[in-house]
Structures are given as C-alpha cells and as structure tokens.
Amino acid sequence: MAPVSSGRVRRRARGSKRADARARSAEDWWWDRLAPRGSGYHLLQADSMLLVLPDLEPTRARAHRRAPRRAPRPLTRGPTAAAKPRVKPRPEPSPDQGPDFGWGDRIPLEVLVHIFGLLVAAHGPMPFLGRAARVCRRWHEATSHPSLWHTVTLSPPLVGRAAKGNLKAEKKLLASLEWLIPNRFSQLQRLTLIHWKSQVRPVLELVSKFCPRLTFLKLSDCHSVTADTLVMLAKACHQLHSLDLHHSMVESTAVVSFLEEAGSRMRKLWLTYSSQTTAILGALLGSCCPQLQVLEVSTGMSCNSTPLQLPVEALQKACPRLQVLRLLNLVWLPKPCGRGVPQGPGFPSLEELCLAGSTCSFVSNEVLGRLLHCSPKLRLLDLRGCARITPAGLCDLPCQELEQLYLGLYGMSDGLTLAKKGSPLLTQKWYHSLRELDISGQGFSEKDLEQALAVFSGTSGGLRPALCSLNLRGTRVTPSTVSSVISSCPGLLFLNLESCRCLPRGLKRAYRGLEEVQWCLEQLLTSPLSSR
Numbered sequence: 001m002a003p004v005s006s007g008r009v010r011r012r013a014r015g016s017k018r019a020d021a022r023a024r025s026a027e028d029w030w031w032d033r034l035a036p037r038g039s040g041y042h043l044l045q046a047d048s049m050l051l052v053l054p055d056l057e058p059t060r061a062r063a064h065r066r067a068p069r070r071a072p073r074p075l076t077r078g079p080t081a082a083a084k085p086r087v088k089p090r091p092e093p094s095p096d097q098g099p100d101f102g103w104g105d106r107i108p109l110e111v112l113v114h115i116f117g118l119l120v121a122a123h124g125p126m127p128f129l130g131r132a133a134r135v136c137r138r139w140h141e142a143t144s145h146p147s148l149w150h151t152v153t154l155s156p157p158l159v160g161r162a163a164k165g166n167l168k169a170e171k172k173l174l175a176s177l178e179w180l181i182p183n184r185f186s187q188l189q190r191l192t193l194i195h196w197k198s199q200v201r202p203v204l205e206l207v208s209k210f211c212p213r214l215t216f217l218k219l220s221d222c223h224s225v226t227a228d229t230l231v232m233l234a235k236a237c238h239q240l241h242s243l244d245l246h247h248s249m250v251e252s253t254a255v256v257s258f259l260e261e262a263g264s265r266m267r268k269l270w271l272t273y274s275s276q277t278t279a280i281l282g283a284l285l286g287s288c289c290p291q292l293q294v295l296e297v298s299t300g301m302s303c304n305s306t307p308l309q310l311p312v313e314a315l316q317k318a319c320p321r322l323q324v325l326r327l328l329n330l331v332w333l334p335k336p337c338g339r340g341v342p343q344g345p346g347f348p349s350l351e352e353l354c355l356a357g358s359t360c361s362f363v364s365n366e367v368l369g370r371l372l373h374c375s376p377k378l379r380l381l382d383l384r385g386c387a388r389i390t391p392a393g394l395c396d397l398p399c400q401e402l403e404q405l406y407l408g409l410y411g412m413s414d415g416l417t418l419a420k421k422g423s424p425l426l427t428q429k430w431y432h433s434l435r436e437l438d439i440s441g442q443g444f445s446e447k448d449l450e451q452a453l454a455v456f457s458g459t460s461g462g463l464r465p466a467l468c469s470l471n472l473r474g475t476r477v478t479p480s481t482v483s484s485v486i487s488s489c490p491g492l493l494f495l496n497l498e499s500c501r502c503l504p505r506g507l508k509r510a511y512r513g514l515e516e517v518q519w520c521l522e523q524l525l526t527s528p529l530s531s532r
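If you want it as structure tokens, here you go:
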C-alpha cells in the first residue's frame, strides 16, 4: 500500500469535521422545530421512534446549548455614514443585583426627622447633625429641620493654655455660628456655653436676634459677660426663665440688672458663691423674683471660708414658691430673727433642701425648724456634714413622706460628740416612704441601730419597704442586723458596709446591684462571725 502524506490526512480530518457540523446543525434544526427552546419539552430519540416529553428541568439548565449563528453583516461600499449608537434600556434593579443605594430618597422626610430626633435626644445635635447633613440631599433637608436644634452646647476646642490659640479657636467657631444660628436655631430653647473667654458677647447678640424661644441659658467657665449683654438677652428672649452661672466670672451688677429686667418670669437660678453674691441675694430679697422655684448657691471646687449670712424669713417672703433650695459646701449663718419676732411664712412648696458641706456647719435643730416648719411636701433632705442635727430635731419636722434622707458625716466625726441614741425615731417616722438612707459616720450604738433597722422587717399589712439604698459606712452595725435588713428589703440595690468594725473581714465593702447584695446575705449567713 502506498504511503499517505500528512497533508492528505489533515484534509480528510477537516472534511469529516465539516460533515459532522452539517449533521449536527440539521439535527438541531429539527429539534427546534419539534420543541423550540424555552417551550418546556424534552425529546427522547430511540432507534425507530421519537418521543416528546414535558420539560422536567428549569429553563436555565439548557443555557449550555449553542446559540444559532448570526448572519454576517453586509459590507457597505463607498463612504460609510456615522451610525447612530443604539441606546440600551436600563435594566430594572432586582434583588439579585445587590443593594439599592437609593433607599434614602424613598424614606418620608417626617420619618427621618423623627429618627434623627431620637439620636439628638440621646447624644445632642452636634456633631451628628453636621455629619449627617453631608450624606445626601435628603438627609441634608432632614437635618435642617429647626425642631432638631432645640438644645445646643457650644464649646471652642481647647488648643492649649496660650491665650492667642484660644482666641483664634473662638473666632473660628464664631464665624460658623454667624451662619448656623440664623439658619438652624429658630426654635432653640436650651443653650450652654462652655469655656468662652472673649467672644461671649457676639454669640449672645446672635442668640438675641434669632432665638426668640430661648428658655434656658448656662454659662460655664465663661468670662467677659457684661451687664448690657445680659439685659439685651432678657429684653429679646421673653421666654427666658432659667439662668445658670456656675463657675463663670460675671459681675454682680450684670446679674442684678438681668434680674431687674427678667425677674418677674425667672424660675431657676444657679450661682457660684463669691464676695459679690451678697448683692445678688439682696436683689432676690427685694422680691424681684416672686416666681422663683429653684435656687442653688455653691462654692464649686474651691471652698470659700467667708461665712454667708442668710436672712431665712426674708427669703421666705421674697420667694414663696420655692421648691428646691441648695446651699452646697457653704459656711453660712442664719441671720438672727430677734426676740418676739414671729416665725416666717416658711416654704410651703419646698420639696428639696440640700445643706451639705465638707467644713464646719452651724446648722442646728433650731435653724432647721425655721427653714422647714411649714414644708409638708419635702421629699429630699440632704444634711451631710451637719453634725449639730439630732434625730429628735428631725422627728419634729412636719413632712411625712420623706423619700431621701442623708445624714452622713464623712471624715468629720473625729473630735465631735455624736448622739448614740435616737436612730429609731427616724425609721419609725419614715419607714413607709424612705428609698435612700445615709447615716454613715454616725455614732449610734449597736443596739440602737438594731432597733432602727428592725422597723423595716416589721411592716404591717404585707407592704414591702421601699428602701433601695442604705449607707452604713463607719457605723457599729452587726452582722445579724445587716442580714435582717437585707432579707426584709427585697428591692435593696446599694449597701455600703465599708469600715464597719463589727462585721467579718472580707465583707466590709460597698455592694451594688441585687446580685451583690444577695451574695453578701449568703456570706453573712454561712461564714463564722468575727469581731474584726
């Protein structure tokens, strides 16, 4: 046999491939005639018969089939005209194509404002609203709603101790406020300025022009507050009724001028005690603030040793609607009322009295009686540091629903003669309403404390005591007394047993939460008793 050349072999192979392709194309043509693609049928072919069956698989399973060949485009002769590009229709977004980034435009504006309002109530408007306004136009429109800007705190960034750096930071923030206040603060109600040293007046001028609904102003650690600035604010903001000047350098003339202008509507006033406080109190005693409800005077971090003389009866006449009176960390002396002078009208609406201090206190039973002889609505009484007060003096008070009583002596009991009896008078009078009781550092004996705290376990009518906080630090309370009060007060959430000399070692600490208090009870019931 003659040998076959390699070229002839290749030509024969190409011919066989073309024949197979023509056969396959003809076969596919018939298959498409009998069961077009997408019709939902399958074809089964045997030796002598053809069977058509319904489709048992989804259409996507036949995606591997080869699409029919497209006819070649005819060649155009001569100059070709510019063909118009075909515009393909934009497919509709489907869940399989990923997230839809236009969801923010479909949320109603009222819903966005409500959501932002919840965040503002929890964290304040700044810096959240400023950042959210940059997300999209819809969010920018929502953050521009004036109702979100009703409470604002403004503080320039602390750049160091250099005065020039602080001045530059204040001017930079002021430039932003010149646009922000007219466009966002139309419904501003509460404004707080912190650490402003030189630009307080320009800020308050903008507030007086564009914030007519302002009701509360707080100036904390602010300087250069003049009388004309406060008077201008009082004249422009007719709803302003609360002023907080804690730790700010404000002249007494400025405060007095403000009270003379807005005193008739003042409800709350916070002051830091200084040598100029006497002039401000003199204005209050002149009945310039008859509607005053909250008055607080404190020394802050630095204690002022200069005593303050306070005419109690004159204050009762000038502020008959006072509900909260706080004289914190002050050395004050009540002005003697003189012989034959009748008692003052009292504070019939008073609900809170705080006379706590860390230094020597001149508050006695007689002074306390002058303050509270006509205050049946009292709910909170803070006498921490008032070592001259005795249980007998407290028992004579007219209030019957006292909820919080603080009589702690913190580091002040050394060298003082403390009462060893009388604690049962306190618990017997207010056991049904007391929620917080602090007798730390008091010198009551073990037997006296046992009788006082046993009142909580002997409640009548099946009523559970309302006591949830008990401070026994430094007292002579015994383990049996502590276990009894824990068992009788299921709602006790705070218990301080630090420095209690009669308790076992390892248990002299503060317990916070129901689990820790119950753990303390278990240890007291199971561990052996020890005197130290």
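Numbering (the UniProt record's numbering), first residue to last: 1 to 532.
For every residue, glycine included, the Cβ atom is placed at its ideal position computed from N, Cα and C.
Keep in mind the model is a prediction, meaning the values are calculated, not measured.
Item: Using DSSP with H/G/I as helix, E/B as strand and the rest coil, what is Ser-242?; Value: strand
Item: Tell me the DSSP secondary structure of Val-294 in three-state form.; Value: strand
Item: Here's the rule: buried if 16 or more other CB atoms are within 10 angstroms of the residue's CB, otherwise exposed. What is Asp-396?; Value: exposed
Item: Over what stretch of residues does the alpha helix (DSSP H) that includes Thr-278 continue unbroken?; Value: 277-285
Item: Taking the alpha carbon of Asp-228 as the reference point, which residue from Leu-315, Glu-403, Ala-254 and His-246 has its own alpha carbon closest?; Value: Ala-254
Item: With respect to the beta strand (DSSP E) encompassing Thr-526, which residues constitute its N-terminal and C-terminal limits?; Value: Here Thr-526 belongs to no beta strand (DSSP E); instead the alpha helix (DSSP H) covers 514-526.
Item: Counting only runs that start and end within the stretch 120-195, where is the alpha helix (DSSP H) found for 4 or more residues in a row?; Value: 128-132, 137-143 and 163-184
Item: In whole angstroms, what is the alpha-carbon distance linking Cys-489 and Leu-514?; Value: 11 Å
Item: Kindly indicate which three-state DSSP category Phe-216 falls into: helix, strand or coil?; Value: strand
Item: Helix, strand or coil, according to DSSP, for Asn-407 in the structure here?; Value: Here residue 407 is Leu; the residue named in the question, Asn, does not match the sequence. Leu-407 falls in the coil class under three-state DSSP.
Item: Just the C-alpha distance for Leu-174 and Gly-346, rounded to the nearest angstrom, thanks.; Value: 46 Å
Item: Quick check on Ser-469: does DSSP put it in helix, strand or coil?; Value: strand
Item: Sort out for me which residues DSSP pairs Leu-328 with in a bridge.; Value: Ser-298
Item: Extract the residue ranges of the beta strand (DSSP E) inside the stretch 373-398, only unbroken runs of 3 or more that lie entirely within it.; Value: 380-382
Item: Which stretch, first to last residue, makes up the alpha helix (DSSP H) that contains Lys-209?; Value: 200-210
Item: With burial defined as no fewer than 16 other Cβ atoms inside 10 Å of the residue's Cβ, what is the status of Thr-417: buried or exposed?; Value: exposed
Item: In chain order, what residues of the same chain lie with their CB nearer than 7 Å to the CB of Leu-402, ignoring the 5 residues before and after it?; Value: Leu-378, Arg-379, Leu-381, Trp-430, Ser-433 and Leu-434
Item: Straight-line CA distance for Ile-439 to Leu-407?; Value: 5 Å
Item: Please name the residue or residues paired with Lys-268 in a DSSP beta bridge.; Value: Ser-242 and Val-294
Item: With DSSP as the reference, identify every bridge partner of Asp-438, one or two as the case may be.; Value: Tyr-406 and Asn-471
Item: Under 6 Å Cβ to Cβ from Leu-327, same chain only, skipping five residues before and after it: list those, please.; Value: Val-297 and Leu-355
Item: Straight-line CA distance for Val-225 to Thr-481?; Value: 56 Å
Item: If you drop the 5 nearest sequence neighbours on each side, which residues of the same chain put their C-beta closer than 8 Å to that of Lys-317?; Value: Ser-287, Gly-344 and Pro-345
Item: For Gln-400 and Pro-424, which I take to be in contact (beta-carbon distance under 8 Å), what is that distance rounded to the nearest angstrom?; Value: Contact flag wrong, Cβ pair sits at about 17 Å.
Item: Using 8 Å as the threshold, is the stretch 194-206 in touch with the stretch 134-145, meaning 3 or more CB pairs across them?; Value: no
Item: Please check the pair Thr-215 and Gln-239, which I expect to be a contact at CB under 8 Å, by giving their CB distance rounded to whole angstroms.; Value: 5 Å
Item: When DSSP labels each residue in this structure, what does Glu-251 get in the three-state scheme?; Value: coil
Item: Using a Cβ-Cβ cutoff of less than 6 Å, which residues in the same chain neighbour Glu-261 once the five nearest sequence positions on both sides are dropped?; Value: Val-231 and Ala-234
Item: Buried or exposed for Asp-448, going by 16 or more other Cβ atoms inside 10 Å?; Value: buried
Item: Are the beta-carbon atoms of Leu-177 and Leu-193 separated by less than 8 Å?; Value: no
Item: Which one of Phe-444, Ser-469 and Ser-445 has the shortest CA to CA distance from Phe-456?; Value: Ser-469
Item: Give the straight-line distance between the Cα atoms of Cys-237 and Asp-105, rounded to the nearest whole angstrom.; Value: 38 Å
Item: Report the three-state DSSP secondary structure of Pro-334 (helix, strand or coil).; Value: strand
Item: Which of helix, strand or coil does DSSP assign to Asp-28?; Value: With a pLDDT of 47 at Asp-28, under the threshold of 50, the modelled position of this residue cannot be trusted, and the question is left open.
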